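Enquirer: The structure follows.
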Amino acid sequence: MSKCADIIIIGGGIIGNATAYYLAKKGCSVIVLEKSDHMGNGGSSRNGGGVRQSGRDKRELPLAMYGIKHLWPHLSEELGMDVEYYQHGNLRLGKTEDHLNILKKLADNASSMGLDVQMVDGKEAKSICPYLSDEVVGASWCKTDGHANPMLATLAYYRSARALGVQFITGEEVLSIRKIRGKARQVITSEGSYEAETIILSAGYDSRKLAATVGIDIPVNQALLEVLVTEAQPPMFYQMLGTAMADFYGHQSTHGSFVFGGASGYEGVNKDDGTPVTSSLTASCICRGIMKYFPCLSEAKIVRTWAGWIDACADHVPVISQVEEVPGLILGCGFSGHGFGIAPTAATLLSQIAVGEEPILDVSAFRYDRFKAKI
Numbered sequence: 004m005s006k007c008a009d010i011i012i013i014g015g016g017i018i019g020n021a022t023a024y025y026l027a028k029k030g031c032s033v034i035v036l037e038k039s040d041h042m043g044n045g046g047s048s049r050n051g052g053g054v055r056q057s058g059r060d061k062r063e064l065p066l067a068m069y070g071i072k073h074l075w076p077h078l079s080e081e082l083g084m085d086v087e088y089y090q091h092g093n094l095r096l097g098k099t100e101d102h103l104n105i106l107k108k109l110a111d112n113a114s115s116m117g118l119d120v121q122m123v124d125g126k127e128a129k130s131i132c133p134y135l136s137d138e139v140v141g142a143s144w145c146k147t148d149g150h151a152n153p154m155l156a157t158l159a160y161y162r163s164a165r166a167l168g169v170q171f172i173t174g175e176e177v178l179s180i181r182k183i184r185g186k187a188r189q190v191i192t193s194e195g196s197y198e199a200e201t202i203i204l205s206a207g208y209d210s211r212k213l214a215a216t217v218g219i220d221i222p223v224n225q226a227l228l229e230v231l232v233t234e235a236q237p238p239m240f241y242q243m244l245g246t247a248m249a250d251f252y253g254h255q256s257t258h259g260s261f262v263f264g265g266a267s268g269y270e271g272v273n274k275d276d277g278t279p280v281t282s283s284l285t286a287s288c289i290c291r292g293i294m295k296y297f298p299c300l301s302e303a304k305i306v307r308t309w310a311g312w313i314d315a316c317a318d319h320v321p322v323i324s325q326v327e328e329v330p331g332l333i334l335g336c337g338f339s340g341h342g343f344g345i346a347p348t349a350a351t352l353l354s355q356i357a358v359g360e361e362p363i364l365d366v367s368a369f370r371y372d373r374f375k376a377k378i
């Protein structure tokens with residue numbers, strides 16, 4: 004087992020795995036370090052699977068649009084594994100005038116960036132998805148949005164990267180990054196050290212404490228994401244679903260089960276030892292929201308729930324950036340719970356930055372130093 008490589012990636016989520024894959028395709032030697040015993044054990048395998056453009060920050064939207072146009076449609080074929088990508092559109096639902104105002108503002112912002120997204124009334128929404136409750140008075144509709152299976156997509160990148168020679172090391176926690184002659188060069192773990200010309204930090208909410216070991220602060224904090232899955236249902240609808248107030252979001256999977264995420268506002272009530280655990284409060288809130296929008300699912304049984312930590316950035320937009328003060332260090336973190344859908348694009352950008360290529364998209368809006376006080 005080599006402890007030296009061209010590039011070390013800290014973090015074995017979908018961003019880390021996908022970046023490793025794209026770097027290996029460029030001929031780089033890569034080591035991926037993951038503290039868990041399992042790849043993708045954080046938010047990458049514990050999210051609603053949305054591959055959406057609508058409802059995004061304007062800065063993030065070009066990444067989503069690029070991925071949906073150029074990467075997601077052929078990803079299963081490229082990686083040799085079905086990632087269950089569906090492109091059947093995204094309905095973001097509203098039940099009040101306030102909801103519609105929120106949705107219209109989001110739709111107008113996206114339209115100004117060239118995205119085909121429109122407002123529809125309740126009747127039109129029901130023509131797209133006949134199972135909607137009569138309480139739905141309108142929605143935003145983006146027909147090019149969709150969803151995929153987070154666990155399978157993460158696994159597909161991992162398997163393809165391994166086939167190209169990427170070395171994955173699990174169950175070994177990274178403790179610090181060490182500079183040599185002013186350049187990020189070594190990664191110190193619980194078991195030893197590794198060395199590379201370039202270090203990519205993509206460790207979710209752990210990225211903040213690791214960046215701090217070389218004097219860099221990234222304003223990200225951990226937040227709990229909770230998801231539930233139902234028993235299999237007959238094929239009903241395959242749009243990605245959401246609401247103006249984020250009561251819940253989700254979709255029907257290939258298996259037939261529905262995967263829904265949401266929040267109760269009580270995620271911080273349960274105290275634990277750092278393990279992400281689900282709360283009966285949140286599951287109940289999600290279910291009540293679902294039944295209001297989709298009465299047909301009121302008798303569906305919940306098979307399981309799960310939770311995962313996400314890295315919530317101060318402005319809810321990721322950091323994809325070199326660090327001028329620490330040459331050799333690249334940041335890929337702060338995805339704030341909506342990194343799955345833009346993961347192929349973000350990983351492509353990180354791989355290009357790492358080898359000195361001109362990125363396919365402008366990444367200036369994702370610089371790490373955007374949070375610094377302006378003098």
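All residue numbers for the sequence shown refer to our numbering, where the first residue is 4 and numbers rise by one. Beta carbons are placed, not taken as given, at the ideal position from N, Cα and C, and that holds for glycine. Only a predicted model underlies this, so the values are computations on that prediction, with no experimental measurement involved.
Let me check understanding here. Comparing Cα to Cα, which of Gly335, Gln189, Lys107 and Glu302 lies closest to Ala315?
Expert: The shortest Cα separation from Ala315 among Gly335, Gln189, Lys107 and Glu302 belongs to Gly335.
Enquirer: Compute the Euclidean distance between the alpha carbons of Ser260 and Lys72, then round it to the nearest angstrom.
Expert: C-alpha separation (whole angstroms): 27 Å.
Enquirer: Alpha carbon to alpha carbon, what distance is there between Val366 and Lys28?
Expert: Spanning the two alpha carbons is a distance of roughly 22 Å.
Enquirer: State the Cα-Cα distance for the pair Val262 and Glu302, rounded to the nearest angstrom.
Expert: If you take the alpha carbons of Val262 and Glu302, they lie about 15 Å apart.
Enquirer: Return the chain-ordered list of same chain residues with a C-beta closer than 7 Å to the C-beta of Leu227, the five sequence neighbours on each side being excluded.
Expert: So the qualifying residues of the chain are Glu270, Pro279, Ala310 and Trp312.
Enquirer: Is Asn93 helix, strand or coil when you go by DSSP?
Expert: Strand.
Enquirer: Taking 6 Å as the limit between beta carbons, can you name the residues of its chain near Cys31, skipping five residues before and five after?
Expert: Asp9 and Ile10.
Enquirer: Which first and last residues belong to the alpha helix (DSSP H) in which Leu284 is found?
Expert: Ser283 to Tyr296 is the span of the alpha helix (DSSP H), which, as asked, contains Leu284.
Enquirer: Given a cut-off of 8 Å, decide if Pro347 and Leu135 are closer than it, judged by their beta-carbon atoms.
Expert: No.
Enquirer: For Phe343, I'd like the list of residues in its chain whose CB is within less than 6 Å of its CB, leaving aside the five on either flank, ordered along the chain.
Expert: Once the five neighbours on either side are set aside, the close Cβ partners of Phe343 are Asn50 and Pro153.
Enquirer: Thinking C-alpha only, which one of Gly253, Gly52 and Pro238 is nearest Gln245?
Expert: According to the sequence provided, residue 245 is Gly. The question's Gln does not apply to it. Closest option to Gly245, Cα to Cα, is Gly253.
Enquirer: Taking one C-beta from the region 190 to 199 and one from the region 50 to 69 each time, how about it: are there three or more such pairs within less than 8 Å?
Expert: Too few Cβ pairs lie closer than 8 Å, so no.
Enquirer: Could you name each continuous beta strand (DSSP E) segment of 3 residues or more that falls completely within the region 204 to 264, going from the start of the chain to the end?
Expert: 223 to 233, 243 to 246 and 251 to 255, all fully within the region 204 to 264.
Enquirer: Please classify Ile17 as buried or exposed, where buried requires at least 16 other C-beta atoms within 10 Å of its C-beta.
Expert: Under this definition Ile17 is a buried residue.
Enquirer: Any contact between the region 175 to 182 and the region 210 to 226? By contact I mean 3 or more CB pairs, one from each, below 8 Å.
Expert: The region 175 to 182 is in contact with the region 210 to 226.
Enquirer: Considering just the uninterrupted stretch of the alpha helix (DSSP H) at Gly70, what are its terminal residues?
Expert: Run containing Gly70: Leu64 to His73, per the alpha helix (DSSP H) assignment.
Enquirer: Flag this pair as touching only if the region 117 to 133 and the region 88 to 96 have three or more C-beta atom pairs under 8 Å; answer yes or no.
Expert: At 8 Å Cβ cutoff, the stretches touch.
Enquirer: For Ile105, which residues in the same chain have their Cβ closer than 8 Å to its Cβ, ignoring the five residues on either side in sequence?
Expert: Cβ within range, chain order: Gly97, Ala247 and Met248.
Enquirer: Suppose contacts are defined by Cβ-Cβ distances below 8 Å. Is Phe374 in contact with Ala286 by that definition?
Expert: No. Outside cutoff.
Enquirer: Please work out which residues of its chain come closer than 7 Å, Cβ to Cβ, to Gly331, disregarding the five sequence neighbours upstream and downstream, and give them in chain order.
Expert: So the qualifying residues of the chain are Lys186, Ala187, Arg188, Glu200, Thr201 and Ile202.
Enquirer: Counting only runs of 4+ residues fully inside the region 4 to 86, write out the alpha helix (DSSP H) ranges in chain order.
Expert: Runs of the alpha helix (DSSP H) inside the region 4 to 86: 17 to 28, 64 to 73 and 78 to 82.
Enquirer: Could you tell me the boundaries of the alpha helix (DSSP H) in which Ala164 lies?
Expert: Taken as a continuous stretch (DSSP letters only), the alpha helix (DSSP H) holding Ala164 covers Pro153 to Ala166.
Enquirer: Under 8 Å Cβ to Cβ from Leu167, same chain only, skipping five residues before and after it: list those, please.
Expert: So the list reads Tyr24, Ala27 and Lys28, once near-sequence residues are dropped.
Enquirer: Compare the C-alpha of Val169 against each of Ala21, Val358, Cys145 and Asn224 and name the closest.
Expert: Selected option, being the one with the closest Cα: Ala21.
Enquirer: Check the DSSP bridge columns for Tyr88 and list the partner residues they point to.
Expert: DSSP, once it has assigned bridges, lists no residue as partnering Tyr88.
Enquirer: Could you check which residue in Pro362, Val140 and Pro321 has the C-alpha nearest to that of Tyr371?
Expert: Closest by alpha carbon: Pro321.
Enquirer: Identify the residues that DSSP records as bridge partners of Cys299: which are they?
Expert: Beta-bridge pairing links Cys299 to no other residue.
Enquirer: Tell me the rounded alpha-carbon separation between Asp220 and Pro76.
Expert: Answer to the nearest angstrom: the Cα atoms are 36 Å apart.
Enquirer: Straight-line CA distance for Lys6 to Gly174?
Expert: Cα-Cα distance, rounded: 15 Å.
Enquirer: Pick out whichever of Ala142, Val120, Asp250 and Ile333 has its Cα sitting closest to the Cα of Glu100.
Expert: Comparing Cα positions, the closest option is Ala142.
Enquirer: Can you tell which of Leu353, Lys38, Glu360 and Thr308 has its C-alpha closest to the C-alpha of Phe171?
Expert: The shortest Cα separation from Phe171 among Leu353, Lys38, Glu360 and Thr308 belongs to Lys38.
Enquirer: Just how far apart, CA to CA, sit Glu229 and Arg184?
Expert: Taking the straight line from one Cα to the other gives about 43 Å.
Enquirer: Thinking C-alpha only, which one of Pro298, Gly117, Gly207 and Ser79 is nearest Ser48?
Expert: The option with the nearest alpha carbon to Ser48 is Gly207.
Enquirer: To the nearest angstrom, how far is it from the Cα of Gly292 to the Cα of Gly265?
Expert: Looking at the two C-alpha atoms, the distance is approximately 9 Å.
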